[in-house]
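**Q** Numbering (this note's numbering), first residue to last: 6 to 57.
For each residue, glycine too, the CB sits at the ideal point set by N, CA and C.
My structure is below; once you've seen it, I'll send some questions.
Shown next, in the form of structure tokens:
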């Protein structure tokens, strides 16, 4: 689990969604942006937990 967190943080953009500027509005609510960031990080970590 810790390894998956480190892999996500160091090598796969942490909580950033790729190309998010193209399809997410700049005036998005700060709470929704926070929820999206945490969700993206969680999905990436779960993916690497599944792989390893």
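Look at the alpha carbon of residue 16 and the alpha carbon of residue 27, and state the distance between them as a whole number of angstroms.
**A** Reading the chain shown from its first residue, position 11 is the one you call residue 16. Reading the chain shown from its first residue, position 22 is the one you call residue 27. Using only the alpha carbons, I get a separation of about 22 Å.
**Q** Report buried or exposed for residue 13, applying the criterion of at least 16 other Cβ atoms within 10 angstroms of its Cβ.
**A** As a working note, residue 13 is residue 8 in the chain shown. Its Cβ being crowded by 16 or more others within 10 Å, residue 13 is buried.
**Q** Quick check: is the beta carbon of residue 33 nearer than 8 Å to any beta carbon in chain D?
**A** Absence of chain D from the displayed structure is noted, only one protein chain being present.
**Q** To the nearest angstrom, how far is it from the Cα of residue 8 to the Cα of residue 25?
**A** Start at 1 with the first residue of the chain shown, and residue 8 comes out as number 3. Start at 1 with the first residue of the chain shown, and residue 25 comes out as number 20. Whole-angstrom Cα-Cα distance: 26 Å.
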